[in-house]
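Same order as they appear, the protein sequences are chains Y and B. Under this note's numbering, residues 931 to 1039 are what the first sequence spells out, in order. Under this note's numbering, residues 931 to 1039 are what the second sequence spells out, in order. The beta carbon of each residue, even a glycine, is placed where N, CA and C say it ideally should be. For clarity, every value in this text was computed on a predicted model and none was experimentally measured. Written out below as structure tokens is the structure these notes cover.
There are 2 protein chains.
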Amino acid sequence: MMPFKEMTRLDKLIHEPARLAIMSALDACTMAEFLFLQELTGLTKGNLSSHLSKLEKAGYVAISKQFVRKKIPHTTIRISHEGKTALHNYWEQLDRIREVTKQWQKKGI
Amino acid sequence: MMPFKEMTRLDKLIHEPARLAIMSALDACTMAEFLFLQELTGLTKGNLSSHLSKLEKAGYVAISKQFVRKKIPHTTIRISHEGKTALHNYWEQLDRIREVTKQWQKKGI
DNA sequence: TTAACCAGTTTGTATTATAAACCAGAGCGG
DNA sequence: CCGCTCTGGTTTATAATACAAACTGGTTAA
Chain Y
931 MMPFKEMTRL DKLIHEPARL AIMSALDACT MAEFLFLQEL TGLTKGNLSS HLSKLEKAGY
991 VAISKQFVRK KIPHTTIRIS HEGKTALHNY WEQLDRIREV TKQWQKKGI
Chain B
931 MMPFKEMTRL DKLIHEPARL AIMSALDACT MAEFLFLQEL TGLTKGNLSS HLSKLEKAGY
991 VAISKQFVRK KIPHTTIRIS HEGKTALHNY WEQLDRIREV TKQWQKKGI
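Written out as structure tokens, the structure is:
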């Protein structure tokens, strides 16, 4: 009935474009390497790193570091179950809001 | 083909939830009074004021102040043509990105 | 040995969303 | 008339945060 208030309650962690890109990519790939993710999103390394740790802290992704030939670090990121549901909820919420907004437009307030 | 990079180029002025709410409300109502807008969005006065001036500076809304009985201020906000197209472009861009993202999911990278 | 490179992390900065404080006038109560 | 509160906002302050630049620790190349 009042979709506009709902908008301000969108999950900000997912809403941020960079993280929305990361989460969407991971939702498609399930798992990805750091550099691959960087290429997909076009983010700088530092940027990607900090966004990832925010997502990790929220439990939306799991980050694991392997060492190739015991030397070169290789970070792989995978989306968690919570992450998937959070992303889907986000889109659903946005859809719902948008649908109601369209109704409003037809009614003319 | 690479929808994730596109996400980081979404119009940030519109993307911000508070302003998305404002713009959506105005898109539906065409014109609204300050206090009505505040009620619709649930924002505090200060918050709404600062978001509005950002939107005004961008040319997305036009703000005009009348004085009722020459004394009490009454601010009415209306969405501009640019504002409407910017909002529509935003949704279109988001839809397009989302569509391509779904394709990716089906293909499995 | 030094230079360049890989794979990231940490630090710094500049922006900005939000709330709190403020302001000017209006309409009371006493 | 003098405070007091209400209306309708604006300005200021702060806390978060997006982003890039600088850094780290190890590796290969010259």
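Measuring only between beta-carbons, confirm whether residue i sits less than 9 Å from chain Y.
| i | result |
| --- | --- |
| S994(B) | no |
| L985(B) | no |
| R939(B) | yes |
| I1002(B) | no |
| A948(B) | yes |
| S954(B) | yes |
| T1031(B) | yes |
Name the one or two DSSP bridge partners that residue i has.
| i | result |
| --- | --- |
| E963(Y) | T1006(Y) |
| V998(B) | I1002(B) |
| I993(B) | I1007(B) |
Can a CB atom of chain B be found closer than 9 Å to the CB of residue i?
| i | result |
| --- | --- |
| R1028(Y) | yes |
| T1006(Y) | no |
| K935(Y) | yes |
| A1016(Y) | no |
| H945(Y) | yes |
On the premise that residue j lies in contact with residue i, defined as a C-beta separation below 8 Å, what is that separation, rounded to the nearest angstrom?
| i | j | result |
| --- | --- | --- |
| Q1023(B) | E936(B) | 7 Å |
| L970(Y) | F934(B) | 5 Å |
**OP:** Determine contact between the segment 945–962 of chain B and the segment 985–997 of chain Y, defined as no fewer than three beta-carbon pairs at a distance below 8 Å.
**Re:** no
Original post:
Are the segment 1027–1035 of chain Y and the segment 954–965 of chain B in contact at 8 Å, needing three or more beta carbon pairs?
Top reply: yes
Original post:
So, do the segment 961–975 of chain B and the segment 1011–1022 of chain B have three or more beta carbon pairs nearer to each other than 8 Å?
Top reply: Short answer: they don't touch.
Subject >> Residues within the segment 963–992 of chain B neighbouring chain Y, beta-carbon criterion of under 8 Å >> reply: L970, T971, G972 and L973
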